[in-house]
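Let me begin by presenting the structure, written as structure tokens, before commenting on it.
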Amino acid sequence: MGRGDSPQRRREHRDRRPFTGFKSEQMSSTMAWLLVIAYSAEREVRRMAEIWDEARVQRYIDDGIEESLNLDYKAAGALAKTDRKRREITKDVSAMANSDGGFIIYGVSEDENYKHLPGQIDPVNRKDLSKEWLEQVISNIRPKVDGLLIYPVPIGNSNTDVVYVVEIPKSHTAHQAMDKRYYRRFNFESVMMDDYEIRDVMNREQHPQIELDFKIIRSRFISSDLSGEHETEPQFRLEIHATNSGRVYAQHTDIHIEIPPKLQHSNSYSLWDEPETDAKPMHPGRRYQVRVVALSNDFDCILLDDLYLKWIVSADNAPKSEGNVAFSAIKVSDSTVRILHEPMNID
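Numbered according to our numbering, the sequence shown terminates at residue 352, and the numbering increases by one at each position without gaps.
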């Protein structure tokens with residue numbers, strides 16, 4: 006089905022079959038060599054983090070990026086040298102750490118008409134409220150939140166106007182705010198945790214925490230010879246990486262992937278009923294590439310609405326985790342490989 010088909014026609018032709026896992030057949034040595042070149046070209050930019058600056062903060066506002074489990078906006082008034090505000094700061098930061106981690110942006114007000122949407126930049130005066138002061142307030146959280154970072158973002162040409170972006174990692178234990186209570190993120194707010202929730206967070210120390218991330222690569226191969234340049238049709242592959250975000254070593258990891266049949270490459274076959282074990286140990290804090298899966302050459306023409314990747318992960322004695330990701334939400338990156346064919350010398 007193409008992108009221009011009517012909704013009714015798409016519904017009539019939508020594939021209702023259950024998801025089926027797959028693995029591409031072994032690639033030819035030539036294609037494998039080309040993919041190695043593509044990986045090398047991407048290696049330098051793959052892990053680069055986006056810089057926090059005024060343009061990025063403004064982009065969040067212009068794009069209307071809503072508050073979520075991992076994002077919270079706070080106006081400048083949220084920072085003040087009062088006991089009440091200090092308690093609120095430790096409450097919000099500890100709640101983010103106890104949940105899934107994320108960002109708190111101090112210096113962006115909420116939209117007056119649409120709750121949870123960013124309104125405008127409302128800068129903090131860094132002379133009155135310095136980065137060091139904010140760090141000192143956050144240090145009242147017990148135990149300390151390891152890996153927390155604060156980015157001061159200068160605003161305009163002022164020497165004093167700043168936005169503070171606090172990056173908070175997902176924690177491996179429960180953190181207590183200044184008021185001796187435990188909080189988590191829920192419905193855009195910081196709410197008190199129940200006893201069982203506190204115990205669940207503390208149990209993160211006991212098992213590996215395996216997290217998956219996905220990227221789709223659109224590869225173009227351009228060959229050059231005496232007659233000029235020749236470009237092949239783009240090919241698509243899904244790269245799957247796993248990160249052990251916990252503090253416990255993972256000896257064995259089982260990863261199962263299900264992908265809709267219409268997105269499968271023609272040379273794929275099902276392996277959903279087969280064990281798919283990654284015997285390689287996964288060390289805490291390390292990221293590993295665990296799958297490279299060929300996708301349909303028609304990927305660009307397929308309507309991705311309602312198409313999901315389903316995953317299941319088991320690691321040692323940790324509880325099984327599973328979920329799904331919309332294909333429309335997976336980032337697509339372009340890769341170009343140039344091949345030069347030199348003329349042969351015939352004696």
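From the three backbone atoms N, C-alpha and C, an ideal C-beta is built for every residue, glycine too.
- When DSSP states are grouped into helix, strand and coil, F193 belongs to the coil group.
- Look at W57 here: in three-state DSSP terms it is coil, with no helix or strand label.
- Around the beta carbon of Q240, 16 or more other beta carbons lie within 10 angstroms, which makes this residue buried.
- DSSP, reduced to helix, strand and coil, places Y78 within a strand of the structure shown.
- The beta strand (DSSP E) runs of length 3 or more contained entirely in the region 88 to 113 are, from start to end of the chain, 107 to 111.
- Judged by beta-carbon spacing, V253 lies beyond the 7 Å limit of N103, meaning their Cβ atoms are not closer than that value.
- Taking the CA atoms as reference points, V342 sits about 25 Å from F332.
- Distance from the CA atom of S228 to the CA atom of K267, rounded to whole angstroms, is 29 Å.
- In this structure K96 is in contact with Y188, their Cβ atoms being roughly 5 Å apart against a cut-off of 8 Å.
- As the crow flies, the alpha-carbon of E117 is around 13 Å from that of G69.
- With respect to the 7 Å criterion, I126 and V113 are classified as neighbours on the basis of their beta carbons.
- DSSP places L139 inside the alpha helix (DSSP H), whose first and last residues are K136 to I143.
- The alpha-carbon of L74 is positioned some 45 Å away from that of I344.
- Setting aside the 5 residues that flank it on each side, Q63 is surrounded in the same chain by I126, each with a C-beta closer than 8 Å to its C-beta; the list follows chain order.
- As DSSP reads the structure, N302 sits in no beta bridge.
- Around the C-beta of G328, fewer than 16 other C-beta atoms lie within 10 Å, and the residue is accordingly described as exposed.
- Membership of Y201 in any beta strand (DSSP E) is not indicated; the residue belongs instead to the alpha helix (DSSP H) covering D200 to M207.
- Comparing alpha carbon positions, the residue from S340, L76, R296 and W57 closest to S224 is S340.
- Secondary structure of R291 (DSSP, three-state): coil.
- By the beta-carbon neighbour count (other beta carbons within 10 angstroms, threshold 16), E115 is buried.
- Boundaries of the beta strand (DSSP E) harbouring E172: D166 to I173, taken from the DSSP string.
- No residue range can be given for V150, since it is assigned to no beta strand (DSSP E) and is classified by DSSP as neither H nor E.
- With respect to the C-alpha of V295, the residue from V318, K90, G82 and T178 having the closest C-alpha is V318.
- When the beta-carbon positions are compared, P286 and Q256 come within less than 7 Å of each other.
- In this chain, E71 is not harboured by any beta strand (DSSP E), its DSSP state being neither H nor E.
- DSSP, reduced to helix, strand and coil, places P266 within a helical segment of the structure shown.
- Per the coordinates, the alpha-carbon of R190 lies some 5 Å from the alpha-carbon of A100.
- Cβ contact annotation for H177 (same chain, cutoff 8 Å, sequence separation greater than five): R209, E210, Q214, G251 and R252, in chain order.
- In this model, R61 and R186 are separated by some 34 Å (Cα to Cα).
- A check of alpha carbon separations from P324 across R91, D259 and G106 identifies D259 as the nearest.
- Note on geometry: alpha-carbon atoms of A182 and I203 lie some 13 Å from one another.
- Taking a C-beta distance under 7 Å as the contact criterion, P174 and G107 do not qualify as a contact pair.
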